[in-house]
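Engineer: Below is a structure I'd like to ask you about.
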Ligand SMILES: [Zn+2]
Ligand SMILES: [Zn+2]
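Residue numbers (UniProt numbering), protein chains in the order written: chain A, 1 to 198; chain B, 1 to 198.
Written out as structure tokens, the structure reads:
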């Protein structure tokens with residue numbers, strides 16, 4: 001309640017951003033109005049354009065404003081290696097943190113029959129077509145280790161196995177340099193059970 | 001570098017918001033595109049409208065989309081008490097935290113002749129007109145305690161004194177419940193020098 005309904009509306013609208021509560025929304029609104037109107041104007045335009053134009057890649061389902069995303073259309077990327085992830089954020093995380101130069105399939109969810117999320121909702125028909133095309137020789141499963149994640153991984157592993165395609169799973173365990181004391185019990189228990197010969 | 005130039009542009013544009021670095025900008029962009037497109041569309045529209053329409057109140061200089069702000073046009077507020085602050089954020093902070101029901105003058109800066117900020121840039125001609133109108137009997141100085149803030153407070157105190165109007169200064173010191181150990185030296189030194197009889 002600033003006495004300016006439009007300022008109040010701006011503070012309220014900023015709260016659609018994750019991690020932005022009433023205090024920081026107010027600070028953001030005042031900051032851009034006092035010190036960066038050009039940045040705010042540009043953000044307003046880009047937000048509208050992004051919401052209007054960004055959809056999902058026809059092949060891998062990550063976010064893109066084109067029919068086919070930059071990764072799927074990049075001829076320098078290895079078509080033999082396909083990594084399955086849950087979200088577009090996972091694509092960015094793997095591309096930014098690893099040397100992976102293959103391609104992706106983005107599930108946009110996890111199998112959850114009770115919520116009506118079956119193979120079709122995860123684009124697994126498209127994934128099967130890609131597996132059938134015969135170019136892929138490794139399917140990397142990079143989804144989370146929740147119950148639904150495990151079920152999803154198992155289901156997709158079966159799709160690969162039926163076609164004689166090798167599937168691998170990224171390693172889960174204690175983070176590098178992680179102090180055991182601060183690692184959650186589930187991770188520690190998994191890391192312990194997955195121990196290897198030294 | 002997400003492979004989507006429009007997503008990259010959105011991440012970049014979000015960084016006009018204070019406290020938003022590259023990581024949180026990316027998280028915000030992905031969040032709204034995956035989960036809250038309606039919120040993002042609304043934020044885009046409200047940002048554009050706010051930048052277009054919000055200016056400064058003709059009387060007190062706080063932010064408003066009207067010629068005269070909600071506080072200045074609120075007949076229930078006491079016209080005898082005028083509080084001088086540096087920013088529109090200060091107006092909101094005082095209105096939200098205190099029972100003050102008077103009016104404001106917003107400096108939008110501090111006296112700083114070397115930077116070309118003189119009385120005119122702080123709207124002190126308008127403030128003098130309000131003091132001359134004869135309704136005000138207390139001028140509350142609520143600017144910061146930097147060197148420029150002190151100079152500005154002294155200058156405005158003189159404008160009031162010349163007209164026989166009482167001016168007061170908000171108290172500065174150790175925050176309530178503040179542990180002395182964690183209070184900065186300047187505040188502690190000021191609080192010590194400003195000690196009163198028990
Ligand atoms: Zn793609
Ligand atoms: Zn006003």
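Each residue gets a CB set at the ideal place from its N, CA and C atoms; glycine is no exception.
1) With distances taken Cα to Cα, identify the nearest neighbour of residue 90(B) among 75(A), 2(A), 116(A), 100(A).
2) Enumerate in chain order the residues of its own chain whose CB-to-CB distance from residue 88(A) is below 7 Å, with the five nearest sequence positions on each side excluded.
3) Under 8 Å Cβ-Cβ, which residues of chain A neighbour residue 87(B)?
4) So which residues on chain A does residue 59(B) lean against when the C-beta distance must stay under 9 Å?
5) Span of the beta strand (DSSP E) holding residue 104(B)?
6) Beta-carbon of residue 18(B) versus every beta-carbon of chain A: anything under 9 Å?
7) With a threshold of 8 Å, establish whether the CB of residue 69(B) neighbours any heavy atom of ligand 1.
8) Quick one: which chain B residues come within Cβ less than 8 Å of residue 69(A)?
9) Taking its Cβ as the centre, do 16 or more other Cβ atoms sit within 10 Å of residue 156(B), making it buried, or is it exposed?
10) Residue 138(B) lies in the beta strand (DSSP E); which residues open and close that run?
11) Would you report the Cα separation of residue 19(A) and residue 18(B), rounded to the nearest angstrom?
12) Let me know the secondary structure DSSP gives residue 151(B) once reduced to three states.
13) Given 8 Å as the limit, is there contact between the stretch 28 to 42 of chain A and the stretch 93 to 103 of chain B, that is, 3 or more CB pairs closer than that?
14) CB-CB under 8 Å to residue 70(A), same chain, minus the five flanking residues each way: which ones, in chain order?
15) Just tell me which of 188(B), 166(B), 102(B) has its CA closest to the CA of residue 172(B).
16) Excluding the 5 residues flanking residue 53(B) on each side, which residues of the same chain have their C-beta closer than 7 Å to its C-beta?
17) Identify every residue that forms a DSSP beta bridge with residue 56(B).
18) Just to make sure I have the definition right: I need the residues of chain A whose C-beta is within less than 7 Å of the C-beta of residue 153(B). Which are they?
19) Would residue 136(A) pass as an interface residue toward chain B - the criterion being a Cβ-Cβ separation below 9 Å?
20) Tell me whether residue 180(B) is buried or exposed, calling it buried when 16 or more other Cβ atoms sit within 10 Å of its Cβ.
21) In terms of residues, what are the limits of the alpha helix (DSSP H) holding residue 131(A)?
22) To the nearest angstrom, how far is the alpha carbon of residue 174(A) from that of residue 191(A)?
23) If you reduce the DSSP assignment to three classes, tell me which class residue 167(B) lands in.
24) Could you give the first and the last residue of the continuous alpha helix (DSSP H) run that contains residue 188(B)?
25) Do you know offhand how far residue 4(B)'s Cα is from residue 183(A)'s?
26) Can you have a look at residue 24(A) and say buried or exposed, based on whether 16 or more other CB atoms are within 10 angstroms of its CB?
27) So for residue 51(B), helix, strand or coil by DSSP?
28) Please state whether the Cβ-Cβ distance between residue 7(B) and residue 33(B) is less than 9 Å.
29) Go ahead and label residue 104(A) buried or exposed: buried means 16 or more other beta carbons lie within 10 angstroms of its beta carbon, across all protein chains shown.
30) DSSP state of residue 24(B), grouped into three classes?
31) Would you mind sorting residue 133(B) into buried or exposed? The rule is 16 or more other CB atoms within 10 Å of its CB.
32) Look up residue 81(B) in the DSSP assignment and give the residues it is bridged to.
33) When every heavy atom of ligand 2 is checked, does at least one fall within less than 8 Å of the C-beta of residue 101(B)?
34) Which residues of chain A have a Cβ atom closer than 8 Å to the Cβ of residue 116(B), listed in chain order?
Structural biologist: With the structure as the only source:
1) Comparing Cα positions, the closest option is 2(A).
2) Around residue 88(A): 62, 63, 106.
3) Within chain A, the residues 30, 34 have their CB atoms less than 8 Å from the CB of residue 87(B), given in chain order.
4) Ordered by position in chain A, no residue passes the 9 Å Cβ test against residue 59(B), which lies about 12 Å from the chain.
5) According to the DSSP assignment, residue 104(B) belongs to the beta strand (DSSP E) that extends over 103 to 106.
6) Yes, because at least one Cβ of chain A sits closer than 9 Å to the Cβ of residue 18(B).
7) With a cutoff of 8 Å, residue 69(B) does not count as near ligand 1, since its C-beta is closer than that to no heavy atom of the ligand.
8) Per Cβ cutoff of 8 Å: 3, 4.
9) Buried.
10) Unbroken beta strand (DSSP E) run through residue 138(B): 138 to 141.
11) Between residue 19(A) and residue 18(B), the C-alpha separation is close to 13 Å.
12) Reduced to three states, the DSSP call for residue 151(B) is helix.
13) Fewer than three Cβ pairs drawn from the stretch 28 to 42 of chain A and the stretch 93 to 103 of chain B lie within less than 8 Å of each other, which leaves the two stretches out of contact.
14) Contacts found: 64.
15) For the residues 188(B), 166(B), 102(B), the minimum Cα distance to residue 172(B) belongs to 188(B).
16) For residue 53(B), where only same-chain residues beyond five positions count, the Cβ hits under 7 Å are 65.
17) Residue 56(B) is bridged to 63(B).
18) Taking a Cβ-Cβ threshold of 7 Å, none of the residues of chain A is close to residue 153(B); the smallest such distance is about 21 Å.
19) Among the residues facing chain B, residue 136(A) is not included, as its CB has no counterpart in that chain under 9 Å away.
20) Exposed: under 16 other Cβ atoms inside 10 Å.
21) Element bounds for residue 131(A): 124 to 132.
22) A direct Cα-Cα distance of roughly 6 Å separates residue 174(A) from residue 191(A).
23) In the structure shown, residue 167(B) sits in a strand (DSSP, three-state: E or B).
24) Note, residue 188(B): alpha helix (DSSP H), 185 to 193.
25) The straight-line gap from Cα to Cα measures roughly 35 Å.
26) With a threshold of 16 other beta carbon atoms within 10 Å, residue 24(A) meets it and is buried.
27) Looking at residue 51(B) - three-state DSSP - the assignment turns out to be helix.
28) Going by beta carbons, residue 7(B) and residue 33(B) fall inside the 9 Å limit.
29) Flag for residue 104(A) reads buried.
30) Here residue 24(B) sits in helix by DSSP.
31) The residue is exposed, with fewer than 16 neighbouring Cβ atoms inside 10 Å.
32) Answer by DSSP bridge pairing, in chain order: 138(B).
33) Every heavy atom of ligand 2 is 8 Å or more from the Cβ of residue 101(B), so no.
34) Those do not exist, as residue 116(B) stays about 18 Å from chain A at its closest Cβ, beyond 8 Å.
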